[in-house]
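These notes are about the structure you will find just below.
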């Protein structure tokens, strides 16, 4: 079983799942959309079918939104070979199909109240190609940092006695999009747990969340190559046991070493706590603690060397 190590500063070795970003670009686009044949709606107040004479075409506005069901589709992914800084690189040509909805609004004439009414919503699709480091298996994530539209041209087409009047418009869509290629990974990090801030105007007292304790002895595993801590959590530096006898000692010997070290440090903590009369730890107590820990380490190194020689 691997031995857990101290992590300075009250931090812990955490195992978390997150997304690794393989590539990331910001892409800007602008295009025109012809919205034709939108029937004028029924007047929401009177229930009468609206006609061209009842609206102000020049007041037309719009909003554009990604499709709620399927906003983004990756339709193709092909390897492309490039020469970048005298090195060969394999990137991917990604074809993306983006689905949107644009909704058109128009004002009624003042005699009908001058309110803004919704004329209708039209779905539309646009495709684009981008170059990314996005090997097979990665996900393509598109977030719109800006998505807006405006009506460039608008006209109302009078119908007949049997047909409803229609609106035709040219809408310009502008968008800025953050495009990333990602892949889910599980990583180890040394960090502290976040805690919520205190309520400025608390209405009632809520219990603070309690982080369940980890099992650092078995997981996450900190390999030997990651090094020995520079400081014990109590703030006292000590010498690293990195000689050959320590490296070649058995796991049982190393476990005994750590156990004795923990017991001695605990005794010194209690002793120092009793001697603590002010907010600051007295220098002579800190010095004695340092010397005691150093003696223990030196004694254990000699013991390990002796045990290794007997084996």
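Numbering (this note's numbering), first residue to last: 7 to 317.
Ideal placement from N, C-alpha and C gives every residue a C-beta, glycine not left out.
- In terms of Cα proximity to residue 201, the closest of 194, 217, 80 is 217.
- Contact between residue 48 and residue 193 does not hold, since the beta-carbon distance rounds to 58 Å and is not under 8 Å.
- DSSP, reduced to helix, strand and coil, places residue 66 within a strand of the structure shown.
- Assigned with DSSP and collapsed to three states, residue 220 falls in coil, not helix or strand.
- Excluding its 5 nearest sequence neighbours in each direction, residue 160 has C-beta neighbours in its own chain below 6 Å: 63, 66, 175, listed in chain order.
- Three or more Cβ pairs closer than 8 Å define a contact, and the segment 147-163 meets that threshold against the segment 66-83.
- Annotation: residue 57 to residue 39 spans about 24 Å, alpha carbon to alpha carbon.
- Considered as a whole, the segment 61-141 harbours 61-72, 78-90, 93-114, 122-138 as its complete beta strand (DSSP E) runs of no fewer than 3 residues, in chain order.
- Only buried fits residue 179, as 16 or more other CB atoms lie within 10 angstroms of its CB.
- Put simply, the segment 133-151 does not touch the segment 161-170. Fewer than three CB pairs are less than 8 Å apart.
- Secondary-structure assignment with DSSP links residue 18 through a beta bridge to 197.
- Between residue 169 and the set 90, 46, 17, 138, the nearest pair of CA atoms involves 46.
- By the Cβ-count criterion, residue 26 is exposed, with fewer than 16 other Cβ atoms from all chains shown falling within 10 Å of its own Cβ.
- Counting the other CB atoms within 10 Å of its CB gives residue 31 a total below 16, which places it among the exposed residues.
- In the structure shown, residue 152 falls within a strand segment according to DSSP collapsed to helix, strand and coil.
- A straight line joining the alpha-carbon of residue 55 with that of residue 96 spans about 59 Å.
- Ranking 261, 183, 44 by CA distance to the CA of residue 108 puts 44 first.
- For residue 119, the CB contacts under 8 Å within the same chain, skipping 5 residues up- and downstream, are 51 in chain order.
- Residue 39 carries a strand assignment under DSSP once its states are collapsed to helix, strand and coil.
- With contacts defined as CB atoms closer than 8 Å, residue 138 and residue 187 qualify as a contacting pair.
- The three-state secondary structure of residue 268, taken from DSSP, is helix.
- When secondary structure is reduced to three states using DSSP, residue 262 falls in the helix class.
- Residue 99 and residue 33 have their C-alpha atoms some 15 Å from each other.
- By the criterion of a C-beta distance shorter than 8 Å, residue 101 is surrounded in its chain by 80, 81, 82, 83, 133, 134, 135, once the five residues flanking it on both sides are discounted.
- A distance below 8 Å separates the beta carbons of residue 60 and residue 115.
- One alpha carbon belongs to residue 29, the other to residue 88, and they sit about 16 Å apart.
- In this structure, the straight-line span from the alpha carbon of residue 173 to that of residue 121 is close to 17 Å.
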